[in-house]
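Here is the structure we will look at.
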Amino acid sequence: MRFAEHWSFATVMATRDLAPTIREIVLKPDAPVGTWPPGSHINIAVLVDGRPQRRSYSLVPSMVEGTLRIAVRLADDSRGGSRAMWALQAGQRLEITNPTSLFEIDWSRNTYCLIAGGIGVTPMLGIAAALARKGLDPIVHYAVKSRADAALHEELADLLGDRLLLHAADVGKRLDLDATFRALPADAIAVVCGPLRMLDAARQAWRDAGRRPTDLCFETFGSSGRLPTSDFRVRIASTGNEIMVPRDRSMLDALNAAGYEVISDCQRGECGVCAVDVTTVEGEIDHRDVFFSAHEKQTSAKMCACVSRARGTVTVDTLYRPDQLPGAAA
Ligand SMILES: Cc1cc2nc3c(=O)[nH]c(=O)nc-3n(C[C@H](O)[C@H](O)[C@H](O)COP(=O)(O)OP(=O)(O)OC[C@H]3O[C@@H](n4cnc5c(N)ncnc54)[C@H](O)[C@@H]3O)c2cc1C
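Quick note, the sequence shown lines up with residues 1 to 330 if you use UniProt numbering.
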């Protein structure tokens, strides 16, 4: 675990829909949580299929003192965490962690370009407000599939005026990352939060614009991939044992449940700690991490077990060498 986490109870104060698939939830923690860096999130304990799980939600600045505001997108093709969040009613109790931030933003620059894709807008409101308070004029590009999906648009517009640029695909407005990054002054920082495809495109455009990789900050929310989420098989190279990874579990969970002790840290496809060596692929790997480069993903010599998936069968070497391999006697 990367952060010292402190779990405590909170009560759901109110819920309201901000867009057809985005629901605002206001929480009142039992104990005051103090201040937190802009862009922070909390973890929330949820029951998914009766199993305790955790999901993370970015904090949106709250109008009511002593409360925490989040906005949750109802995810289709999902294990059910967001559905559990959508089922919450005012008065319900739940367990949350103290706020913490994964963004590593250098706050000393003069120019900030914030880019939000879909629900990736949630951390941006707090970050934009913090920059505005410092007297800086951040530009926010907000890309959505349709104008109706643009939750928090009015609040951002009130804060930023014409420095908020909405790119709604249904009215033919698409964000041009190459042009956006090339137009930035040399000391600019870009902060990106959005789906994996957007992050990959942003990283490529940032590189192509000849900018320092460390000046691009990003956070990943989810692990959606190119292929639909489905069952696949993992074969252990040293034994030939095969493990089924069901669609509602990660490869990391399936390997650990089978006794292969794959170590992990972030479990969001960012740190690479859970990467396993891939020896053969019968089918196709769907890399859902932001750890490996496009070239590494193409060669598929490794995959992040926490988020990446496959179609077919993948043979891996987990580097786990116990005296008695699990299932070897079976
Ligand atoms: C720091 C942080 C901040 C976040 N902030 C927000 C926020 O403000 N608002 C918000 O709505 N969400 C936020 N999220 C995402 C949120 O934590 C949940 O992931 C989201 O609600 C979906 O949960 P789920 O259980 O419904 O979907 P999941 O089952 O987690 O599915 C999410 C995606 O993962 C894929 N997937 C499904 N099953 C698997 C599997 N077995 N293995 C791998 N991938 C799979 C699916 O294709 C789907 O697209 C944040 C995440 C992080 C890490």
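Where is the CB? At the ideal position from N, CA and C, for every residue including glycine.
Check: With DSSP collapsed to three states, give me the class of Ile139.; Outcome: strand
Check: Short of 8 Å in beta carbon distance, which residues of its chain neighbour Leu47, apart from the five on each side in sequence? Order them along the chain.; Outcome: Gln53 and Ala84
Check: Is there at least one non-hydrogen atom of ligand 3 closer than 6 Å to the beta-carbon of Tyr260?; Outcome: As presented, the structure is devoid of ligand 3, carrying ligand 1 as its sole ligands.
Check: Would you tell me roughly how many angstroms separate the C-alpha atoms of His6 and Ala157, rounded to the nearest one?; Outcome: 35 Å
Check: Taking Arg77 as the reference, give the member of Phe291, Ser224 and Gly259 with the closest Cα.; Outcome: This sequence places Asp at residue 77; Arg is not what is there. When each option's Cα is compared against that of Asp77, the closest is Ser224.
Check: Apply the 10 Å Cβ neighbour rule to Gln267 and answer buried if 16 or more other Cβ atoms are within range, or exposed otherwise.; Outcome: buried
Check: Which word fits His295, buried or exposed, when buried means at least 16 other C-beta atoms lie within 10 angstroms of its C-beta?; Outcome: exposed
Check: Alpha carbon to alpha carbon, how far is Thr100 from Trp36?; Outcome: 7 Å
Check: Flag this pair as yes or no: are the beta carbons of Arg51 and Ile44 separated by less than 7 Å?; Outcome: no
Check: Taking the beta strand (DSSP E) that Ser238 falls in, what are its first and last residues?; Outcome: Per DSSP, Ser238 belongs to no beta strand (DSSP E) and is neither H nor E.
Check: Exposed or buried, Trp206, counting other C-beta atoms within 10 Å across all chains shown (16 or more means buried)?; Outcome: buried
Check: If you measure from the CB of Gly120, is any heavy atom of ligand 1 nearer than 6 Å?; Outcome: no
Check: Compute the Euclidean distance between the alpha carbons of Gly39 and Leu319, then round it to the nearest angstrom.; Outcome: 37 Å
Check: Pull the bridge partners of Arg233 from the DSSP assignment, please.; Outcome: Met244 and Thr313
Check: Does Ser250 come out as helix, strand or coil in the three-state DSSP assignment?; Outcome: coil
Check: Restricting to runs no shorter than 3 residues, where is the beta strand (DSSP E) found entirely within the stretch 40-124?; Outcome: 41-48, 51-58, 68-73, 93-97 and 112-117
Check: Pick out whichever of Ile119, Val121, Gly80 and Phe181 has its Cα sitting closest to the Cα of Cys113.; Outcome: Phe181
Check: Starting from the C-beta of Val26, find all residues in its chain whose C-beta is less than 6 Å away, skip the five residues before and the five after it, and write them out in chain order.; Outcome: Met13, Ala14, Thr67 and Arg69
Check: Excluding sequence positions up to five away, which residues of its chain have a Cβ less than 8 Å from the Cβ of Arg174?; Outcome: Ala143 and His167
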